[in-house]
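Engineer: Numbering (our numbering), first residue to last: 3 to 309.
Glycine residues also receive a C-beta, built at the ideal position from the N, C-alpha and C atoms.
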Ligand code: RIB
């Protein structure tokens, strides 16, 4: 699969507070603060661009002052922003509290993200892309229409179900080629308590591939024919925010490069390993050079040869 990726999802301004440990109802001293471009749509688009994959981001920002600098920064990283619309709302925002073990707790303002209606979409993205990435932080009716139109037009469809709220999403799953939940999302979506059972349930709905992001335990791929597990790389965790988005970008990049399945999974696990060693979200995902350096350090000779 060659070509371009159309990325649909949230664009946020992420504000980070780094603290020792969160204690509800108490005062905290912050070691550091940071502002970064975030939102799973923006993070995945930036992740793809950093890996040298052509992509455009289809999203909605607000009509506030910050939206212009966000769009400019997206452009600077190589993301095509010509499909981004604006509306009369504030640009999405997320406040992220990160503890010293890297764990995060987020507070979201959906803002403009919740206004991305099917009518706002420039459907010429269908002529300009071979693959489509979606997450669920935008209205479910919009997700449904994009998925159906994309499949009708023969696109590869990858869904990150972060933002899953109710069962209305499950009827859409059948149309996806790849669905990539984390462990919590998978179990919540399927109402199962076992990962394998849950993944098989999703496969029974008609999705081709279920890729489960397991954080410090790596990731497991399931299809009707096979299952493959890749362990996580051992790294010093600083901030886990955005690791799933770095994973999405690298997995799609592996697909675009037609890498073997196990290599695609390894590439994604490696990208998220690099991401967790850094603060922030979109700025924490690796460039192609950084990913190659990391794989060299991890002595992944076969994977490096395949790239
Ligand atoms: O996956 C991390 C992202 O989730 C953050 O960038 C934040 O904006 C939230 O949408």
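Find out if the Cβ-Cβ distance for the pair residue 16, residue 279 is shorter than 7 Å.
Structural biologist: Going by C-beta atoms, residue 16 is not nearer than 7 Å to residue 279.
Engineer: Does the beta-carbon of residue 79, which I'm using as the reference point, lie nearer than 6 Å to any heavy atom of ligand 1?
Structural biologist: The answer is no for residue 79.
Engineer: Do residue 140 and residue 118 have their beta-carbon atoms positioned less than 7 Å apart in this structure?
Structural biologist: Yes, the Cβ-Cβ distance between residue 118 and residue 140 is below 7 Å.
Engineer: Would the segment 104–122 count as touching the segment 157–164 if we require 3 or more Cβ pairs under 8 Å?
Structural biologist: No, they do not touch.
Engineer: According to DSSP, simplified to helix, strand and coil, what is residue 235?
Structural biologist: Coil, per DSSP.
Engineer: Could I get the ranges of all uninterrupted alpha helix (DSSP H) runs contained in the segment 162–206, with 4 residues as the minimum, in chain order?
Structural biologist: Runs of the alpha helix (DSSP H) inside the segment 162–206: 172–175, 185–192 and 197–206.
Engineer: On the DSSP bridge assignment, give the partners of residue 35 in chain order.
Structural biologist: BP columns for residue 35 point to 19.
Engineer: Quick one: Cα of residue 69 to Cα of residue 89, how far?
Structural biologist: For residue 69 and residue 89, the distance between alpha carbons rounds to 10 Å.
Engineer: Where does residue 215 land, buried or exposed, given buried means 16+ other C-beta within 10 angstroms?
Structural biologist: It is buried - the Cβ of residue 215 has at least 16 other Cβ atoms within 10 Å.
Engineer: Closest by CA to residue 77, which one among 45, 146 and 217?
Structural biologist: Of the listed residues, the one whose Cα sits closest to residue 77 is 45.
Engineer: Between the segment 95–112 and the segment 128–137, are three or more C-beta pairs nearer than 8 Å?
Structural biologist: The segment 95–112 is not in contact with the segment 128–137.
Engineer: Residues in its own chain within less than 8 Å of residue 37 by CB, not counting five upstream and five downstream?
Structural biologist: Taken in chain order, the residues that qualify are 15, 16, 17 and 18.
Engineer: Beta-carbon separation of residue 106 and residue 228 under 7 Å?
Structural biologist: No; because the gap between Cβ atoms is not below 7 Å, this pair is not in contact.
Engineer: Helix, strand or coil, according to DSSP, for residue 211 in the structure here?
Structural biologist: DSSP places residue 211 in strand when its eight states are reduced to three.
Engineer: Return yes when the C-beta of residue 49 is under 6 Å from any heavy atom of ligand 1, and no when it is not.
Structural biologist: No, the beta carbon of residue 49 sits no closer than 6 Å to any heavy atom of ligand 1.
Engineer: Less than 6 Å between the CB of residue 228 and some heavy atom of ligand 1, yes or no?
Structural biologist: Incorrect: residue 228 has no Cβ contact closer than 6 Å to ligand 1.
Engineer: Given 8 Å as the limit, is there contact between the segment 237–257 and the segment 208–226, that is, 3 or more CB pairs closer than that?
Structural biologist: With the cut-off at 8 Å, the segment 237–257 and the segment 208–226 touch.
Engineer: Can you determine whether any heavy atom of ligand 1 sits closer than 6 Å to the C-beta of residue 64, and answer yes or no?
Structural biologist: Checking the Cβ of residue 64 against ligand 1 gives no.
Engineer: Can we say the segment 266–275 touches the segment 218–227, given the rule of at least three CB pairs closer than 8 Å?
Structural biologist: Yes, they touch.
Engineer: So residue 172 packs on residue 191, CB below 8 Å; how close in whole Å?
Structural biologist: Their Cβ separation, rounded to whole angstroms, is 7 Å, which keeps residue 172 and residue 191 in contact under 8 Å.
Engineer: Please report the Cβ distance between residue 298 and residue 309, rounded to the nearest whole angstrom; I am assuming they are in contact, meaning their Cβ atoms lie under 8 Å.
Structural biologist: Residue 298 to residue 309, Cβ: 11 Å. No contact.
Engineer: Along the alpha helix (DSSP H) that carries residue 138, what are the first and last residues, could you check?
Structural biologist: Careful: residue 138 lies outside any alpha helix (DSSP H) and carries neither H nor E.
Engineer: Is any heavy atom of ligand 1 found at a distance shorter than 6 Å from the C-beta of residue 41?
Structural biologist: Residue 41: yes, Cβ under 6 Å from ligand 1.
Engineer: For the alpha helix (DSSP H) that contains residue 286, what are its first and last residues?
Structural biologist: Note, residue 286: premise wrong, no alpha helix (DSSP H); not H, not E.
Engineer: The beta strand (DSSP E) that contains residue 96, what's its start and end?
Structural biologist: Looking at the DSSP string, the run of the beta strand (DSSP E) that includes residue 96 is 94–100.
Engineer: In whole angstroms, give me the CA-to-CA distance for residue 205 and residue 265.
Structural biologist: Each residue's alpha carbon lies about 22 Å from the other.
Engineer: Can you tell me whether residue 35 is buried or exposed? The criterion is at least 16 other CB atoms within 10 Å of its CB, across all chains shown.
Structural biologist: Per the 10 Å Cβ criterion, exposed.
Engineer: Under 6 Å from any heavy atom of ligand 1, does the C-beta of residue 217 make it?
Structural biologist: No, the beta carbon of residue 217 sits no closer than 6 Å to any heavy atom of ligand 1.
Engineer: Put residue 12 into one of helix, strand or coil per three-state DSSP.
Structural biologist: Coil, per DSSP.
Engineer: To the nearest angstrom, report how far apart residue 67 and residue 261 are at their CA atoms.
Structural biologist: Going by the C-alpha atoms only, they are around 42 Å apart.
Engineer: Taking 6 Å as the line, does the beta carbon of residue 247 fall inside it for any heavy atom of ligand 1?
Structural biologist: True, at least one ligand heavy atom lies under 6 Å from that Cβ.
Engineer: Helix or strand or just coil, what does DSSP make of residue 82?
Structural biologist: Three-state DSSP puts residue 82 in a strand.
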